[in-house]
Amino acid sequence: MNNLVKVTHQTVAEHLVKFLENRKIKHVFGLCGHTNIAVLSALQSSEIEFVTVRHEQIASHAADAYARINKKASVVLSHLSPGLTNCATGVANAALDCIPMVVIAGDIPSHYYGKHPHQEVNLHADASQWEIFRPFVKRAWRVDRSELFAEILEKAFHLAESGQPGPVLVNVPMDIFSERVSSNSFEKVKLNTKNIIKPSLDTSTAKTIIHKLAQAKNPIAYVGGGILLSNASAELKNFVEQMGLPVAHSLMGKGALRDDHPQVLGMTGFWGTKLVNETCLNADYIIAIGTRFKEADCSSWYDGYTFNIPNTKLIHIDIEASEIGRNYPTEIGVVADAKKSLEVLNKLSLKMYPKGFKRKKIEEKIKAFRKSFKEDNMEMCKSNKFPMMPERILADTRKALPIDAIITTDVGWNKNGVGQQFEIFSPGSILTPGGFATMGFGPSAAIGAKLAAPDKVVISLVGDGGFGQNPSILSTAVELNLGIIWLVMNNNAFGTIAGLQKAHYGINYGTTFKNSENGTNYSDIALAYGAIGKKITKANQLLPTLVEAIKSKKPTVIDVPMINNPTPTTGHWNILDIYSPNKGISHVAT
Numbered sequence: 001m002n003n004l005v006k007v008t009h010q011t012v013a014e015h016l017v018k019f020l021e022n023r024k025i026k027h028v029f030g031l032c033g034h035t036n037i038a039v040l041s042a043l044q045s046s047e048i049e050f051v052t053v054r055h056e057q058i059a060s061h062a063a064d065a066y067a068r069i070n071k072k073a074s075v076v077l078s079h080l081s082p083g084l085t086n087c088a089t090g091v092a093n094a095a096l097d098c099i100p101m102v103v104i105a106g107d108i109p110s111h112y113y114g115k116h117p118h119q120e121v122n123l124h125a126d127a128s129q130w131e132i133f134r135p136f137v138k139r140a141w142r143v144d145r146s147e148l149f150a151e152i153l154e155k156a157f158h159l160a161e162s163g164q165p166g167p168v169l170v171n172v173p174m175d176i177f178s179e180r181v182s183s184n185s186f187e188k189v190k191l192n193t194k195n196i197i198k199p200s201l202d203t204s205t206a207k208t209i210i211h212k213l214a215q216a217k218n219p220i221a222y223v224g225g226g227i228l229l230s231n232a233s234a235e236l237k238n239f240v241e242q243m244g245l246p247v248a249h250s251l252m253g254k255g256a257l258r259d260d261h262p263q264v265l266g267m268t269g270f271w272g273t274k275l276v277n278e279t280c281l282n283a284d285y286i287i288a289i290g291t292r293f294k295e296a297d298c299s300s301w302y303d304g305y306t307f308n309i310p311n312t313k314l315i316h317i318d319i320e321a322s323e324i325g326r327n328y329p330t331e332i333g334v335v336a337d338a339k340k341s342l343e344v345l346n347k348l349s350l351k352m353y354p355k356g357f358k359r360k361k362i363e364e365k366i367k368a369f370r371k372s373f374k375e376d377n378m379e380m381c382k383s384n385k386f387p388m389m390p391e392r393i394l395a396d397t398r399k400a401l402p403i404d405a406i407i408t409t410d411v412g413w414n415k416n417g418v419g420q421q422f423e424i425f426s427p428g429s430i431l432t433p434g435g436f437a438t439m440g441f442g443p444s445a446a447i448g449a450k451l452a453a454p455d456k457v458v459i460s461l462v463g464d465g466g467f468g469q470n471p472s473i474l475s476t477a478v479e480l481n482l483g484i485i486w487l488v489m490n491n492n493a494f495g496t497i498a499g500l501q502k503a504h505y506g507i508n509y510g511t512t513f514k515n516s517e518n519g520t521n522y523s524d525i526a527l528a529y530g531a532i533g534k535k536i537t538k539a540n541q542l543l544p545t546l547v548e549a550i551k552s553k554k555p556t557v558i559d560v561p562m563i564n565n566p567t568p569t570t571g572h573w574n575i576l577d578i579y580s581p582n583k584g585i586s587h588v589a590t
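Just so it is clear: in the sequence shown, position 256 is 256 by our numbering, and no numbers are missing.
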């Protein structure tokens, strides 16, 4: 240890705040409790802003979005037991979407282990609160000695951000937060690198991949959220343009390239269009980068709907080895970072094929399909029906928003319909709950997105079911004067599930709301919280209301009554066969 380093004695909580400051953390999301107020007291004199919420799930969803925008681990501060279980859904959502997050949770005093103190989860084991998170975090630590805290924190941030990113838990007994300790261990970890270098693609393998794609008749690139996590959109664009590859994407890969790029086919799978699913089926080679081939993206892995692997040969590049070969046999599997791999592929493809490739036939097919798709949708996009058609809501929203606006989605039309029909023009500007498909993600995620990108327009496209999960996000937005727009696509139902139930069972029981014919007035709820609330009463009001809300830069809820018209699809979902085997029934009621 350098003898010139000044050793100080402070509480562990105070050392924690200094540690976070050294990592350039600007915001911590959370909710107070008797186990973490020592940390809050230390934060009070820090430049780090504590973003207080009314429910811990809001904190973890907001931190999720914050990390997606900033491309580094966010921080959540939680209370014990009920605070930690409230937080769990948002942390699990981050885990399934590979979002880096460090959750720091207070726990019972260590000297009360075994005594079953206030609020401890202890029916089957003592001092094991941290195990609640084990199924979905990359690792959970319990801090048993204050001298180990600095080392655990450093490991926590490294693990959250390295490899396949994800959340971790650091569980801290409240008495350890208040211990006074030397700064030696914290000074030592300052010397550690903050960024671990990620693996790349070797030259020999890269040449083989390029040669196979060059020789293929119908190659495509299939990309997922790994492109956005590694900030590799520019590198992807260069590579697919050089090799002339049409680009299909997963739900999480939406926005990896601009949707109006002439080579973008669209989203695959259950909610994919005929063009993208048929093109993937007919491919002879697929280079997949940063994707996990999840069920909805692959039409439940049924043959004949989205992918035709192994007849189609698969090249798969992913940062996580366990993803390669999980759902489809792979000819070439590479464990590497998407951005670094594409840098190597770009460099070598320019040398090997300096003239590049132009596949005009598929580009013309994409152009023609887009034209016909828009024409087929035009009636609904311009419909004056009220309640509004979902297509009209999305069309007017796209007109109102700047191209770099950040959109958070939730579940239902605002996720599936957006993935299929809503054009994204700025990479990384759409934040979607993918693997967990968590209802209530979008409204809370908008808080984190706005804090991470205060100069951007941020809008949450959400159903009434999703918005109703945690409307107290409005308190935080009003307190911090966050100019977020929540557009509530209000069909007075859990619309997607109501459509499924109606199609297969002919009823709507437990899937629609009975409070009134028109549902809850969410604009009134906004007013009660001190935000702006607008209720749309006819279709032509939406566009000017959105424009006005953007200009106001105030927290605004726009309640839009909507027809429950499920998103059309050409893919397949296994649940259809479970509900109505061998009957060919859709998810859409007729």
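Each residue gets a CB set at the ideal place from its N, CA and C atoms; glycine is no exception.
Over what stretch of residues does the alpha helix (DSSP H) that includes Ala-444 continue unbroken? The amino acid at residue 444 is misidentified as Ala; the sequence shows Ser. Where Ser-444 is concerned, the enclosing alpha helix (DSSP H) stretches over 441-452.
Mind the definition here: the segment 325-333 touches the segment 181-191 only if three or more C-beta pairs lie below 8 angstroms; say whether that holds. No, the segment 325-333 is not in contact with the segment 181-191.
Within 10 angstroms of the Cβ of Lys-583, are there 16 or more other Cβ atoms? Answer buried if so, exposed if not. Of the other Cβ atoms in all chains shown, fewer than 16 fall within 10 Å of the Cβ of Lys-583; this residue is therefore exposed.
Residues bridged to Met-562 by DSSP? Met-388
Quick check on the burial criterion: 16 or more other C-beta atoms within 10 angstroms. Buried or exposed for Ala-150? Looking at its Cβ environment, which holds 16 or more other Cβ atoms inside 10 Å, Ala-150 is buried.
What residues in its chain sit with their C-beta under 7 angstroms from that of Ile-196, if we drop five residues either side in the sequence? His-158, Ser-162
At what residue ranges does the segment 22-72 contain a whole run of the beta strand (DSSP E), taking only runs of 3 or more? The segment 22-72 contains these whole beta strand (DSSP E) runs: 27-30, 49-52.
Tell me which residue opens and which closes the beta strand (DSSP E) that Met-267 is part of. 264-267
Going by the CB atoms, is the gap between Leu-342 and Leu-229 shorter than 8 angstroms? Cβ atoms of Leu-229 and Leu-342: not closer than 8 angstroms.
Report the CB separation of Pro-387 from Met-562 in whole angstroms; it is logged as a contact under 8 angstroms. 5 angstroms
Between which two residues does the alpha helix (DSSP H) carrying His-158 extend? Residues 149-161.
Would you list the one or two residues that DSSP bridges to Ala-92? Answer is none; Ala-92 lacks a bridge partner.
Whole-angstrom distance between Gly-506 and Ala-67, CA atom to CA atom: 42 angstroms
Three-state secondary structure (DSSP) of Ile-252: In the sequence as displayed, the identity of residue 252 is Met instead of Ile. It is coil, neither helix nor strand.
Sequence-distant residues of its chain with Cβ nearer than 8 angstroms to Leu-543 (five each side left out): Asp-396, Lys-399, Ala-400
Going by C-alpha to C-alpha distance, which of Ser-322, Lys-294, Ala-283 sits closest to Ile-309? Ala-283
What residues in its chain sit with their C-beta under 6 angstroms from that of Gly-435, if we drop five residues either side in the sequence? Leu-96, Asp-97
Contact check, Lys-347 vs Ser-200, beta carbons under 8 angstroms: Result no, Cβ atoms of Lys-347 and Ser-200 do not sit closer than 8 angstroms.
Using only the alpha-carbon positions, how far apart do Leu-43 and Gly-83 sit? 19 angstroms
Rounded to whole angstroms, how far is the Cβ of Pro-119 from the Cβ of Ser-74, which I believe are closer than 8 angstroms? The sequence given here places Gln at residue 119; Pro does not occur at that position. At roughly 25 angstroms, the Cβ-Cβ gap does not stay under 8 angstroms, so Gln-119 and Ser-74 are not in contact.
Whole angstroms are fine: how far does the CA of Arg-145 sit from the CA of Lys-554? 46 angstroms
Give me the residue from Ala-445, Trp-573, Gln-541, Cys-87 with the minimum Cα distance to Val-137. Cys-87
Could you tell me how far apart the beta carbons of Asn-277 and Tyr-305 are, in whole angstroms, since I believe they sit closer than 8 angstroms? 6 angstroms
Classify His-15 as helix, strand or coil using the three-state DSSP reduction. helix
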